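What follows is a short report on a single structure.
Number of protein chains: 2
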Amino acid sequence: MPFPTEAGRPVLTTNIVVFTLRDEQLKLLLVRRRNAPYQGYWSLPGGVVGEDEDIEANAMRKLEEGTGVSGVYLEQLYTFGTPERDPRERVISVAYYALVASKRLRLRTDEHSEGVGWFALDELPELAFDHAQMADTAHQRLAAKLDYSTIAFQFMPERFTLSDLQKVFQIILNCELDKRNFRKRMLAMDQIRQTSEVRRNGSHRPARLYRVNNPHEVQIIK
Amino acid sequence: MPFPTEAGRPVLTTNIVVFTLRDEQLKLLLVRRRNAPYQGYWSLPGGVVGEDEDIEANAMRKLEEGTGVSGVYLEQLYTFGTPERDPRERVISVAYYALVASKRLRLRTDEHSEGVGWFALDELPELAFDHAQMADTAHQRLAAKLDYSTIAFQFMPERFTLSDLQKVFQIILNCELDKRNFRKRMLAMDQIRQTSEVRRNGSHRPARLYRVNNPHEVQIIK
DNA sequence: CCTGTTAGTGTCATTGGCACACTAACCAGG
DNA sequence: CCTGGTTAGTGTGCCAATGACACTAACAGG
């Protein structure tokens with residue numbers, strides 16, 4: 009079969025669901041649309057893939073533009089391409105999701121007014137296109153991967169306490185976990201180790217600090 | 009950002025990794041390429057997505073054309089789109105995988121000479137493009153899903169014995185399983201039930217036949 | 001009726017997951 | 001310096017799930 013004439017070809021884009029943890033909430037990065045359609049709506053960052061650009065490289069580039077952070081965990085999520093998802097013309101979007109440690113982001117208070125901002129997952133505005141579905145799918149994937157991979161460590165700063173880590177799990181899974189069982193599980197994975205340091209943090213016992221053995225790789229465990 | 013001129017747009021295609029079980033082997037459907045590039049190579053079935061055609065609908069259509077079977081399990085696998093994967097021009101391929109019960113296929117002995125055929129997964133010829141990678145990814149996904157979904161039943165005919173089912177697992181996972189533990193597990197899932205029939209199959213004790221409760225849905229379990 | 005072949009069944013030991021409550025260390029304030 | 005408040009840190013016991021393991025049942029053919 010011959011390739012279609014150029015008129016029959018779709019536009020190829022990426023969208024990235026960028027997660028971070030901030031204010032004890034799971035948040036994701038949104039940008040406000042300046043143009044029609046969905047003008048003024050919030051949407052997932054992303055953009056058109058260049059003619060000779062790798063799809064994942066495009067997603068990574070858009071992610072770095074949006075967050076100012078490089079080298080973050082990025083994984084392909086799903087490809088959305090129903091014919092009417094963009095009212096203008098046929099647009100295929102390869103959705104990715106990414107995890108950024110909050111500490112790596114520069115905080116800006118005027119973000120929302122600039123048309124870019126972090127929104128708690130359970131307080132999202134109405135999103136453009138099918139982006140709400142993308143966000144939902146990404147959250148499901150993230151929650152599932154907590155169980156059988158080391159993905160959670162992507163949210164952690166270089167040194168952290170076990171209580172910090174437990175909070176991360178609790179926020180993502182939206183449930184309470186038992187402290188002793190949680191610590192047992194984490195230590196049994198053999199993916200983090202104690203440092204000699206502690207963190208003093210108020211008028212109570214200081215907490216031991218830990219670090220991830222291989223901060224840059226996400227392993228499948230079990 | 010404006011959409012690219014039509015010259016910058018990619019071709020959108022699907023490819024489907026169609027699995028079936030035949031001759032006690034996990035096999036997949038290949039078609040021989042008639043044109044350059046990779047002329048004469050075997051490749052995964054697929055094709056160009058129509059201008060107003062849903063991507064999954066396209067995959068389903070190509071699957072039905074290749075197998076003559078409709079209503080089979082089909083799931084999006086991954087999207088492949090590195091710039092050089094097709095030497096002619098930019099081609100994005102959304103890969104799917106599908107599972108077909110062998111009993112539903114019409115067998116044809118002259119398949120290979122017709123340029124279409126079933127090949128055992130561990131005896132694949134060299135494949136065109138990045139199709140070997142697609143096949144490998146699909147097999148991994150399939151094996152993983154055996155554990156936490158009811159996907160295996162998609163391979164089963166309407167009535168089957170527990171020994172049949174065990175063979176399916178053993179072939180896909182490429183390992184031996186304990187008969188008693190396997191039967192316990194299957195029955196505990198509460199997804200299949202006994203029929204009143206048995207199958208006589210040689211000079212030995214006949215085997216009880218079972219059927220799937222909800223043959224058309226694949227559930228996530230555990 | 002004897003043999004060969006596949007179908008079908010139960011127990012025990014080990015493991016992993018989960019519930020559960022107290023002591024330790026620090027700081028602040030009286 | 002003593003007390004109270006707050007978070008960090010630790011171990012046991014129970015129950016359910018998993019995995020190893022061997023014999024009897026039913027049939028056909030000779």
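In the order they appear, the protein sequences are chains A and B. Per our numbering, residue 9 is the first one in the first sequence, and the count goes up by one each step. Per our numbering, residue 9 is the first one in the second sequence, and the count goes up by one each step. Positions of the beta carbon are idealized from the N, C-alpha and C atoms, including for glycine. Small disclaimer: the values here were computed from a predicted structure and weren't measured.
Residues of the region 132-157 of chain A with a Cβ closer than 8 Å to any Cβ of chain B: none. In this structure, DSSP gives Phe127/A an extended state, which the three-state scheme calls strand.
When the five nearest sequence neighbours on each side are left out, the beta carbons in the same chain lying within less than 7 Å of the beta carbon of Ala215/B are those of Thr169, Ser171, Val206, Arg207, Asn209, in order along the chain. Look at Gly16/A: its C-beta is under 8 Å from a C-beta on chain B. Bounds of the beta strand (DSSP E) holding Arg30/B are 19-30.
The C-alpha of Val25/A lies about 4 Å from the C-alpha of Tyr105/A. Listed along the chain, the chain A residues whose CB falls inside 9 Å of the CB of Tyr86/B are Gln84, Thr87.
At a cut-off of 8 Å between C-beta atoms, Pro91/A counts as an interface residue with respect to chain B. The beta carbons of Ala103/A and Tyr86/A sit closer together than 8 Å.
A direct Cα-Cα distance of roughly 5 Å separates Phe88/A from Ser101/A. In the DSSP assignment, Ser204/A falls within the unbroken beta strand (DSSP E) covering 200-207. For the pair Ile179/A and Gln84/A, the CB atoms are not nearer than the 8 Å cut-off. By the neighbour-count criterion, in which 16 or more other beta carbons inside 10 Å mark a residue as buried, Asn23/B falls on the buried side.
For a Cβ distance threshold of 8 Å, residue set Arg17, Pro18, Leu20, Gly89, Ile100 of chain B lies close to Leu20/A, ordered along the chain. Spanning the alpha carbons of Ile159/A and Leu173/B requires a straight line of approximately 34 Å. DSSP links Ile100/B through a beta bridge to Leu20/B. No Cβ of chain A is located within less than 8 Å of the beta carbon of Val226/B. For Glu72/B, no chain A residue has a Cβ inside 7 Å of its Cβ, as the nearest lies near 16 Å away. Glu61/A reaches chain B at Pro91, counting residues in chain order whose Cβ is nearer than 9 Å. When the alpha-carbon of Ser110/A is set against those of Met164/A, Lys70/A, Gln199/A, the nearest one is in Met164/A. Note on Tyr156/B: under 16 other CB atoms within 10 angstroms of its CB, so exposed under the neighbour-count rule. Taking the CA atoms as reference points, Arg69/A sits about 12 Å from Thr21/A. DSSP, reduced to helix, strand and coil, places Val80/A outside both helices and strands of the structure shown, so it counts as coil.
In the structure shown, Ile229/B adopts coil according to DSSP, grouped into three states. Per DSSP, Gly74/A is one residue of the alpha helix (DSSP H) stretching across 63-75. For Val176/A, the three-state secondary structure derived from DSSP is helix. In the three-state DSSP reduction, Thr90/A falls in the coil class, being neither helix nor strand. 8 Å or more divides the Cβ of Arg219/A from the Cβ of Arg193/A.
Between Arg41/A and Gly48/A, the alpha-carbon positions lie close to 5 Å from each other. The beta carbon of Pro45/A sits closer than 6 Å to the beta carbons of Pro95 from its chain, once the five residues preceding and following it are set aside; these are given in chain order. Using a 10 angstroms sphere on the CB of His212/A, the tally of other CB atoms stays under 16, which defines it as exposed. Take the alpha-carbon of Glu92/A and the one of Pro12/B: they are about 19 Å apart.
Between Leu36/B and Ser51/B, the C-beta gap is not smaller than 8 Å, which leaves the two residues out of contact. Between Leu113/A and Val80/A, the C-beta gap is not smaller than 8 Å, which leaves the two residues out of contact.
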